[in-house]
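What follows is a single structure, written as structure tokens, with notes after it.
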Amino acid sequence: MNKKCFIFDLDGVIVDTAKYHFLAWKNLANNIGIDFSQAQNEQLKGVSREQSLTKILAWGGKTLSATNFQDLMRKKNEAYLNYIATMGRSELLPDVERTIDFLIETNQYVTLGSASKNARPILEKTNLLEAFDAIVDGNDITEAKPNPEVFLKAAKLTNTQPNHCIVFEDSVAGIQAANAAGMISIGIGNESVLNEAVHNFTSFTEISNSFLEELIKN
Ligand code: BG6
Ligand code: MG
Numbered sequence: 138m139n140k141k142c143f144i145f146d147l148d149g150v151i152v153d154t155a156k157y158h159f160l161a162w163k164n165l166a167n168n169i170g171i172d173f174s175q176a177q178n179e180q181l182k183g184v185s186r187e188q189s190l191t192k193i194l195a196w197g198g199k200t201l202s203a204t205n206f207q208d209l210m211r212k213k214n215e216a217y218l219n220y221i222a223t224m225g226r227s228e229l230l231p232d233v234e235r236t237i238d239f240l241i242e243t244n245q246y247v248t249l250g251s252a253s254k255n256a257r258p259i260l261e262k263t264n265l266l267e268a269f270d271a272i273v274d275g276n277d278i279t280e281a282k283p284n285p286e287v288f289l290k291a292a293k294l295t296n297t298q299p300n301h302c303i304v305f306e307d308s309v310a311g312i313q314a315a316n317a318a319g320m321i322s323i324g325i326g327n328e329s330v331l332n333e334a335v336h337n338f339t340s341f342t343e344i345s346n347s348f349l350e351e352l353i354k355n
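Following this line, the structure appears as structure tokens:
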């Protein structure tokens with residue numbers, strides 16, 4: 138029986154939190170006089186907190202002292218934590234649970250590959266922690282997506298070769314990281330944005346169990 142490693146990104150793939158990252162960054166940018174568009178936000182999806190702030194400051198042509206930089210990162214996270222304080226299972230994206238359940242039933246590895254340092258509390262709040270064979274998050278990596286480190290670590294933890302790994306991602310940086318790792322990338326979201334992915338779906342509702350079976354077999 139084939140055993141593949143399915144790697145899920147968290148924000149924007151499992152839970153509908155990408156909107157909260159966006160709101161928190163937009164508010165912070167606007168407060169320091171920097172405009173922040175949806176298109177710019179696409180470039181921050183999957184990107185670490187530190188690199189996101191570095192990019193926003195560069196777009197606004199601003200430089201900050203190390204202390205102020207740390208202070209803004211803390212403020213952004215506080216705002217984000219406020220948004221997710223009361224989150225629960227209703228924030229799970231459609232059919233992600235059906236997909237995870239099917240993969241567990243078919244004895245596949247189910248793992249997490251997220252840039253977020255808030256991943257574990259979110260999995261706890263949504264009651265999903267137990268579903269994962271391995272979790273790699275922002276606390277475990279030194280290189281941010283599009284570097285493949287996060288996904289290669291998930292592969293290693295499950296003793297799976299990269300070409301037997303399948304990555305679900307909603308970000309350009311994440312698709313590039315999966316491709317760089319030599320894995321099968323599946324874009325969840327806007328196909329024209331995620332055009333580097335091997336397969337594209339707007340949501341898990343479009344991913345049938347027979348498609349998953351094909352991925353397992355091949
Ligand atoms: C990614 C998000 O999953 O995690 C990014 O797509 C976010 O928007 C990054 O910046 C880091 O998350 P956190 O929760 O550690 O600030
Ligand atoms: Mg994401």
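For the sequence shown, our numbering gives the first residue as 138, with consecutive numbering after it. Each residue gets a CB set at the ideal place from its N, CA and C atoms; glycine is no exception. Just so it is clear, the structure is predicted and the values come from calculations on it, not from any experiment.
Rounded to whole angstroms, what is the Cα-Cα separation between Trp196 and Ala161?
Roughly 17 angstroms separates the two Cα atoms.
Along the chain, which unbroken stretches of the beta strand (DSSP E) at least 3 residues long are found entirely within the stretch 203-257?
Within the stretch 203-257, the complete beta strand (DSSP E) segments of 3 residues or longer fall at 246-250, listed in chain order.
Inter-residue Cα distance where the pair is Pro285 and Ala318
The alpha-carbon of Pro285 is positioned some 5 angstroms away from that of Ala318.
Taking DSSP's pairing of strands, which residues face Ala310 in a bridge?
As far as DSSP is concerned, Ala310 takes part in no beta bridge.
Suppose contacts are defined by Cβ-Cβ distances below 9 angstroms. Is Ile353 in contact with Thr243 by that definition?
Yes, they are a contact pair.
Regarding Ala155 and the ligand MG, is the C-beta to nearest heavy atom distance less than 8 angstroms?
Checking the Cβ of Ala155 against the ligand MG gives yes.
For the ligand BG6, I want to know if Arg186 counts as a neighbour, meaning its beta carbon is within less than 8 angstroms of at least one of the ligand's heavy atoms.
At least one heavy atom of the ligand BG6 is nearer than 8 angstroms to the Cβ of Arg186, so yes.
Per DSSP, the bridge partner or partners of Val184:
Beta-bridge analysis with DSSP links Val184 to no other residue.
Which first and last residues belong to the alpha helix (DSSP H) in which Val273 is found?
Not the alpha helix (DSSP H): Val273 falls in the beta strand (DSSP E), residues Ala271 to Val273.
Have a look at Ile241, Arg211 and Asn255 and flag the residue whose alpha-carbon is nearest the alpha-carbon of Gly183.
Cα-wise, what sits closest to Gly183 is Asn255.
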